[in-house]
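Working notes, beginning with the structure itself.
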Amino acid sequence: MISVNGCEQQMLAITDRATQYGDGCFTTMLVEQQCVQLWSLHLARFEISLQRLAIAAPDWQQVYTEVMALALLYPYRGGIKILVSRGSGGRGYSPTGCSDTQVIISHFEWPSHYQQWQQQGIILGVCQQRMGNSPMLAGMKHLNRLEQVLLKQEIETAGWVDAIVLDCNDRVIETSVANLFWRQGNTVYTPALQRAGVAGVMRQHVLDILDKLNYDYQVGDFDLDTLLAADEVFITNALMALVPVNQIHTTQYCERTMFKTLWKRLHSC
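In this note's numbering, the protein residues as written are 2 to 270.
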C-alpha cells in the first residue's frame, strides 16, 4: 500500500517537484515486532533537512499515527519509507508560492539477505566513480539519488554486494547504501559528512552508544589507506543495523571486537 497525505493511492501529480526536480527528502525505517525503530532520530533528521530545504513541515503527529498503524502489519520485521515532497507549484526552479507539502508513505518486507550479511559478513569493492562534494546537500537523505544510481550500476557490473565510495578528493565517505565505521586499536573511526554522504540514523545511534560506553572515536577526513589499515570494519544503516566487513579488495578483516560490543548493546536496549 502507498498513501499520499493519508489517502491510499498509486499516483502523484506529474507537476510535483519530487518528480520535476527531486525537491524533497526521505527516510527508510526498520520495524521490529510491530515497533518502528529509532523514530526520534528519523524525525530529527527530517526536521533538519526540511529546515535546510525550506519545505513546510507536515503534521508529524498525523504521520506518526499512520506509521504506527503500518508497523502493526509486521510482527517480525518490515520496512516503512516516508518521502516528503515540496509539492506542486513554483515557476521553474523557484519554489516561491509552493507550500503544498506532500507525504508519501509505503511499506515493504524486510530484505531477508540482511540476516545472512549480519551473521556472515560481506566483501566490499572500491568504486572507481567518485562522489561529488556538495556541502549544501551533504548529510541529507534528499531525493537527488543519481550518484547512487550510477554507483549501483558499477557495483552490479563488478559483481560486488556493495562498495566503498570516495569523494572527488579521495576521502572515504560511505558505501553506496550504508555508513562506514572501522576500529584501529582502541579507537573507532567514521568519515565526516560535511561535504558528501548521508548522515544515517544508525550511524548517529552508534555514535551515541560509543559516547555512553566511553569509547574513543574520531569523525574526520580519512583516505583509503587509513581504512585498509583497520583492525576491523563494519557498515550501518537503519534497515541492516550492523554488518561486519570481511574483506575490501584483497585486504581481509578477521576481528569483530567492536562489532560484537555494539551488537550486544543494540539488542539489550
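Positions of the beta carbon are idealized from the N, C-alpha and C atoms, including for glycine.
| said: Determine whether the beta carbon atoms of residue 232 and residue 185 lie at a separation below 7 angstroms. | reply: yes
| message | Let me make sure I understand the geometry here. Which of 262, 108, 204 and 149 has the alpha-carbon closest to that of residue 2? | response | 108
| message | What does the alpha-carbon distance come out to for the pair residue 203 and residue 243? | response | 8 angstroms
| message | Helix, strand or coil for residue 219? Go by DSSP, reduced to three states. | response | strand
| request: Out of 18, 6, 50 and 46, state which residue places its alpha-carbon closest to the alpha-carbon of residue 66. | output: 6
| query | With distances taken between CB atoms, is the gap from residue 224 to residue 197 smaller than 7 angstroms? | reply | no
| field | Buried versus exposed, by CB contacts within 10 Å (16 or more), residue 245 | value | buried
| task | Could you tell me which uninterrupted beta strand (DSSP E) segments, each at least 3 residues in length, are contained entirely in the segment 24-58, listed from first to last along the chain? | result | 25-33
| residue 15 burial status per 10 Å Cβ neighbour count (16 or more: buried) | exposed
| Per DSSP, what kind of secondary structure is residue 82 in: helix, strand or coil? | strand
| What residue range is occupied by the uninterrupted alpha helix (DSSP H) comprising residue 258? | 258-267
| Inter-residue spacing [alpha-carbon to alpha-carbon] between residue 39 and residue 253 | 32 angstroms
| request: Assuming residue 111 contacts residue 240 (C-beta within less than 8 angstroms), just tell me the rounded distance between them. | output: 7 angstroms
| Supposed close pair residue 228, residue 183 - CB separation, criterion 8 angstroms | 6 angstroms
| field | Helix, strand or coil at residue 15 according to DSSP, with G and I counted as helix | value | coil
| task | Kindly indicate which three-state DSSP category residue 22 falls into: helix, strand or coil? | result | helix
| said: Using C-beta distances below 7 angstroms, list every residue in its chain close to residue 220, excluding the 5 sequence neighbours before and after it, in chain order. | reply: 191 and 193
| field | Sequence ranges, alpha helix (DSSP H) only - wholly within the segment 103-150, length at least 4 | value | 114-121
| task | Check the C-beta distance from residue 37 over to residue 72 and give it rounded, since I have them as a contact under 8 angstroms. | result | 5 angstroms
| said: According to DSSP, simplified to helix, strand and coil, what is residue 224? | reply: coil
| task | Let me know if residue 75 comes out buried or exposed under the rule of 16 or more other beta-carbons within 10 Å of its beta-carbon. | result | buried
| query | Taking DSSP as the reference, what is the three-state secondary structure of residue 10? | reply | coil
| request: For the beta strand (DSSP E) holding residue 163, just list the boundary residues, first then last. | output: 163-167
| field | Reduced DSSP secondary structure (H/G/I, E/B, other) of residue 92 | value | strand
| request: Could you tell me the distance, in whole angstroms, from the CA atom of residue 218 to the CA atom of residue 208? | output: 8 angstroms
| message | Let me check understanding here. Comparing Cα to Cα, which of 126, 34 and 98 lies closest to residue 285? | response | Shown here, the chain extends from 2 to 270; a query on residue 285 therefore has no answer.
| query | Where residue 174 and residue 249 are concerned, what is the direct C-alpha to C-alpha distance, given to the nearest angstrom? | reply | 15 angstroms
| Counting pairs of beta carbons, one from the segment 11-30 and one from the segment 82-89, are three or more of them closer than 8 angstroms? | yes
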